[in-house]
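Novice: In the working numbering, the protein residues as written are 3 to 47.
Glycine included, C-beta positions come from ideal geometry on N, C-alpha and C.
Quick one: structure below, then a few questions.
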Amino acid sequence: MSKTAPISLLPSTTLFARVMAQIDRLLTASSRIAVRNGDLPRFGL
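Shown next, in the form of structure tokens:
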């Protein structure tokens with residue numbers, strides 16, 4: 003028998019990480035729209 007046991011760790015997604023991912027999606031969408039319209043995108047927060 004093996005003396006080691008597998009440990010399954012679930013990835014914990016925190017509220018902060020989810021909020022930052024949503025902000026990132028919004029900034030990316032805004033940047034793509036600006037580029038499509040021929041404008042320079044605004045950078046960052």
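Taking Arg-38 as part of the alpha helix (DSSP H), name the residues at either end of that continuous run.
Specialist: Its alpha helix (DSSP H) spans residues 17-38.
Novice: Quick check: the Cα distance between Ala-23 and Ala-31, rounded to an integer number of angstroms?
Specialist: Roughly 12 Å between the two C-alpha positions.
Novice: Roughly how many whole angstroms lie between the Cα atoms of Gly-40 and Thr-15?
Specialist: Whole-angstrom Cα-Cα distance: 36 Å.
Novice: Could you tell me the alpha carbon to alpha carbon distance between Ile-25 and Leu-17, rounded to whole angstroms?
Specialist: If you take the alpha carbons of Ile-25 and Leu-17, they lie about 12 Å apart.
Novice: Taking the straight line between their C-alpha atoms, what separation do you get for Ala-19 and Arg-27?
Specialist: Computed Cα separation, rounded: 12 Å.
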